[in-house]
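**Q**
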Amino acid sequence: MVSRGHKRTAMYRNLQLLRSISCSHSRRRKASVLLDVSEYIQGLKQKLQELNQLQVAKAQKIIDYDLMP
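The opening residue of the sequence shown carries number 2 in my numbering; numbering runs sequentially from there.
1. Can you tell me which of LEU45, SER23, GLN47 and LYS31 puts its alpha carbon nearest to the alpha carbon of VAL38?
2. Would you please state the rounded distance, in angstroms, between the beta carbons of LEU16 and VAL34? I believe it to be under 8 angstroms.
3. Using the Cα positions of VAL53 and LEU36, report the straight-line distance between them to the nearest angstrom.
4. Starting from the N-terminal side, write out each stretch of the beta strand (DSSP E) that is 3 residues or longer and does not extend beyond the region 29-56.
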């Protein structure tokens with residue numbers, strides 16, 4: 002069984018990792034870091050969706066261009 006100390010250490014490391022990923026360098030509460038990470042992930046999802054839409058639009062232009070006589 003894993004001791005409380007090991008669990009606490011692992012949780013601290015994971016929290017530090019989340020801080021580094023989300024650029025949340027402040028020493029705020031865990032809830033604040035999690036909120037920052039959640040907002041960061043939402044932003045990444047939005048960017049990914051925009052890039053996918055751009056890629057589809059670009060592919061559609063190529064197809065339309067190829068179909069022209």
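Ideal Cβ positions, reconstructed from N, Cα and C, are used throughout, including at glycine. Note that the structure is a prediction, hence the values are computed from the model and not measured.
**A** To lay it out plainly:
1. SER23
2. 6 angstroms
3. The amino acid at residue 53 is misidentified as Val; the sequence shows Asn. Their backbone Cα atoms lie some 26 angstroms apart in a straight line.
4. none
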